[in-house]
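Peer 1: Before anything else, here's the structure in question.
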Amino acid sequence: MLGIVVVTLYPFLNVLAISLNVSSDTVKGGITIWPREFTWANYEQLLSFGGLMQGAKISILRTIIGTVFGVISSSMLAFVISRQDFQARKFVSTYLALTMYVSGGLIPGYMLIRDLGLTNSFWVYILPGMVVAFNVFIIRSFIDGLPYALQESAKLDGASDFTIYWRIILPLCKPVLATIALFVAVGQWNSWFDTYLYNGSNEKLTTLQYELQKVLQSTTAGNSAPRGDSVLQNMNRVSPQSVKMAITIVVTVPILVVYPFLQRYFVKGMTLGAVKA
21 MLGIVVVTLY PFLNVLAISL NVSSDTVKGG ITIWPREFTW ANYEQLLSFG
71 GLMQGAKISI LRTIIGTVFG VISSSMLAFV ISRQDFQARK FVSTYLALTM
121 YVSGGLIPGY MLIRDLGLTN SFWVYILPGM VVAFNVFIIR SFIDGLPYAL
171 QESAKLDGAS DFTIYWRIIL PLCKPVLATI ALFVAVGQWN SWFDTYLYNG
221 SNEKLTTLQY ELQKVLQSTT AGNSAPRGDS VLQNMNRVSP QSVKMAITIV
271 VTVPILVVYP FLQRYFVKGM TLGAVKA
C-alpha cells in the first residue's frame with residue numbers, strides 16, 4: 021500500500037516542484053519532489069494574463085450548474101428506463117446505446133447548436149451534456165440492484181412516481197450519484213473545446229481552461245520569438261514547461277479539494293436492512 025501511495029503521489033509532487041522552480045534551472049532536469057531554486061515567478065506570470073478571473077468564474081458556474089443538471093437529468097431517465105412497467109424501455113435503452121457508437125460529427129453538431137441559438141450563450145455549456153448515455157446506464161444498473169419491494173410498498177402507501185424517485189431512489193443512490201457527479205464535474209471543469217467552437221469570441225463567456233490554453237500558446241510563441249521584444253522579455257522569465265506545470269496545478273487542485281467530500285459516499289451496503297422481513 022505504501023508503494024502504491026508513493027507511485028501515485030510522486031508525479032503530482034514532481035509537477036508541483038517544477039512549477040515552483042526557476043525556469044532556467046528547470047531545463048537542466050533532475051527535479052524530483054522538491055524545487056532546487058524556489059520561485060513564485062511561474063504563477064505570477066500565469067496570473068498576470070487578463071481573462072483568467074472571468075474564465076474562472078464561468079468555469080466554476082458551469083461546473084456547479086452542469087453537474088447538478090447532469091446528475092438530476094441522467095438519474096431521472098435512468099429511473100424511468102429501470103421501471104419494468106415502462107413499455108418503451110427497450111426502445112429508449114437501444115436509442116441511448118446507439119448514441120455511444122454513432123455520432124453525427126463535428127460539423128453537424130455545430131450546425132445543430134447554431135440553429136438552436138446556443139452559440140454565444142452560457143447554456144451551450146449545460147444543455148448539450150445534460151444526458152450522457154454512459155452515466156444513465158451506470159445509474160440504471162445501480163437502481164436495478166435495489167429491492168423493488170421499496171417501490172411497491174411506497175405505491176401501496178399512495179406515493180407518486182416522482183415521490184418514489186425523489187424520496188426513495190435518490191437517497192439510496194448516493195454512492196453512484198457521487199461517482200457520476202465527480203465524472204461530470206471533472207468533464208465540465210476541464211472542457212475548453214466547446215468554448216473554442218461556440219464562445220471563443222465572447223470574452224464574457226470564456227472559460228478558465230480556454231484562457232490557460234491561450235496562456236500556454238502565448239508563452240510558447242514568446243519564447244520562440246526574436247529577442248528584444250518587451251513582451252518577449254516578460255515571457256522569457258518562465259519556460260513553456262514551467263507554465264505548463266503551473267497550469268496543471270491550477271486545474272487539478274479544485275478537483276482535489278472537491279473529491280474528499282464525495283469519497284465518503286463511495287461505499288456499498290446503503291440498502292442493507294432497508295427492506296424489513
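With our numbering applied, the sequence shown covers 21 to 297.
Positions of the beta carbon are idealized from the N, C-alpha and C atoms, including for glycine.
Are there three or more Cβ pairs, one per stretch, closer than 8 Å when the segment 225-239 is compared with the segment 63-79?
Peer 2: These segments touch.
Peer 1: Report back the beta-carbon spacing between residue 113 and residue 101 to the nearest angstrom; my notes put them in contact at under 8 Å.
Peer 2: 5 Å
Peer 1: Exposed or buried, residue 143, counting other C-beta atoms within 10 Å across all chains shown (16 or more means buried)?
Peer 2: With fewer than 16 other Cβ atoms within 10 Å, it is exposed.
Peer 1: Would you kindly work out how many angstroms separate the C-alpha atoms of residue 185 and residue 160, rounded to a whole number?
Peer 2: 12 Å
Peer 1: Which partner residues of residue 58 appear in the DSSP bridge assignment?
Peer 2: 41
Peer 1: Less than 7 Å between the C-beta atoms of residue 116 and residue 61, yes or no?
Peer 2: no
Peer 1: Assign residue 143 to one of three DSSP states: helix, strand, or coil.
Peer 2: DSSP places residue 143 within a helical segment (H, G or I) once states are collapsed to three.
Peer 1: By DSSP, does residue 107 sit in helix, in strand, or in coil?
Peer 2: coil
Peer 1: Since residue 198 is in the alpha helix (DSSP H), which residue starts that stretch and which ends it?
Peer 2: 194-210
Peer 1: Round the Cβ separation of residue 261 and residue 38 to the nearest angstrom and send it over; I've been treating them as touching at under 8 Å.
Peer 2: That pair is a contact at about 7 Å.
Peer 1: Does the beta-carbon of residue 107, which I'm using as the reference point, lie nearer than 6 Å to any heavy atom of the ligand GDP?
Peer 2: Ligands in the displayed structure: none, and consequently the ligand GDP is not present.
Peer 1: Where does residue 247 sit, in a helix, a strand or coil, going by DSSP?
Peer 2: Residue placement at residue 247 is flagged as unreliable, the pLDDT there being 45, under the threshold of 50; a coordinate-derived value is accordingly withheld.
Peer 1: Could you pull the start and end residues of the alpha helix (DSSP H) that residue 164 belongs to?
Peer 2: 153-164
Peer 1: Considering Cα atoms alone, identify which of 120, 135, 151 is closest to residue 88.
Peer 2: Residue 151 is the option with its Cα nearest to residue 88.
Peer 1: Measuring alpha carbon to alpha carbon, tell me which residue in 225, 40, 119 is nearest residue 146.
Peer 2: Comparing Cα-Cα distances from residue 146 to each of 225, 40, 119, the minimum goes to 225.
Peer 1: Alpha carbon to alpha carbon, what distance is there between residue 210 and residue 21?
Peer 2: 30 Å
Peer 1: Do three or more CB pairs link the segment 117-136 to the segment 174-181 at distances below 8 Å?
Peer 2: no
Peer 1: With H, G and I counted as helix, E and B as strand and the rest as coil, what does DSSP make of residue 179?
Peer 2: coil
Peer 1: With distances taken Cα to Cα, identify the nearest neighbour of residue 91 among 105, 205, 44.
Peer 2: 205
Peer 1: Leaving aside the five residues before and after residue 54 along the sequence, list all residues of the same chain whose C-beta is less than 7 Å from its C-beta, in chain order.
Peer 2: 37
Peer 1: Return helix, strand or coil for residue 48, following the three-state DSSP convention.
Peer 2: coil
Peer 1: Can you tell me the Cα-Cα spacing of residue 270 and residue 213, whole angstroms?
Peer 2: 18 Å
Peer 1: I'd like to know whether the C-beta atoms of residue 268 and residue 27 end up nearer to each other than 7 Å.
Peer 2: no
Peer 1: Specify the secondary structure class of residue 256 as computed by DSSP and reduced to three states.
Peer 2: In this prediction, residue 256 has a pLDDT of 49, which is less than 50 and means its spatial position is unreliable; what the coordinates show is noted afterwards. Coil, per DSSP.
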